[in-house]
Amino acid sequence: MSRFFIGIDVGGTNLKAGLTDETGRLLAAARRPLDFRGAETFAADLADLAAEVLSTAGAVPGDAEGVGIGLPGAVSGGEVLYTTNIPLERTDLAALFRRRLG
């Protein structure tokens, strides 16, 4: 069984996601505009993007070994400490994301 990994980049204007296998080969990619409307909706947007790359590759959330989310700011233990472009301070983004993606 293949191992899959999801990477998500939160940029200033766009969200981008990629799905790779254990060799680092890119299997699927997706992007959408960043449209911040609150922490819950933001986590749902990230989870939807992750689900999109999984679906494109014929995989499901349980097939992913891990997810990395990069955003402009600092995160500790899944909690956003501060960000430069979106108001997420003191948000447990990891928990919100897990709840959405499953």
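First residue of the sequence shown: 16, per our numbering; consecutive thereafter.
Ideal Cβ positions, reconstructed from N, Cα and C, are used throughout, including at glycine.
Quiz prompt | Exposure label - Asp50; buried when at least 16 CB within 10 Å | solution = Taking every protein chain shown into account, the CB of Asp50 has fewer than 16 other CB atoms within 10 angstroms, so this residue is exposed.
Exercise. Could you tell me which residues DSSP puts in a beta bridge with Arg40?
Key: Its beta-bridge partners do not exist; DSSP assigns none.
Self-check item: Helix, strand or coil at Asp50 [DSSP, three-state]
Solution: coil
Self-check item: Cβ distance (whole Å) where Phe19 is taken to contact Ala58 below 8 Å
Solution: Contact doesn't hold; Cβ gap of about 20 Å is too wide.
Quiz prompt | Pair within 8 Å by beta-carbon distance, Thr98 and Gly83 | solution = The Cβ atoms of Thr98 and Gly83 lie no closer than 8 Å to each other.
Exercise. Count the other C-beta atoms from every protein chain shown that fall within 10 angstroms of the C-beta of Leu86, then say buried if there are 16 or more, exposed otherwise.
Key: buried
Exercise. Within its chain, find whatever has a CB closer than 6 Å to the CB of Gly25; leave out the 5 residues flanking it on each side and keep chain order.
Key: This sequence places Val at residue 25; Gly is not what is there. Closer than 6 Å at the Cβ level, and outside the excluded window around Val25, lie Leu86.
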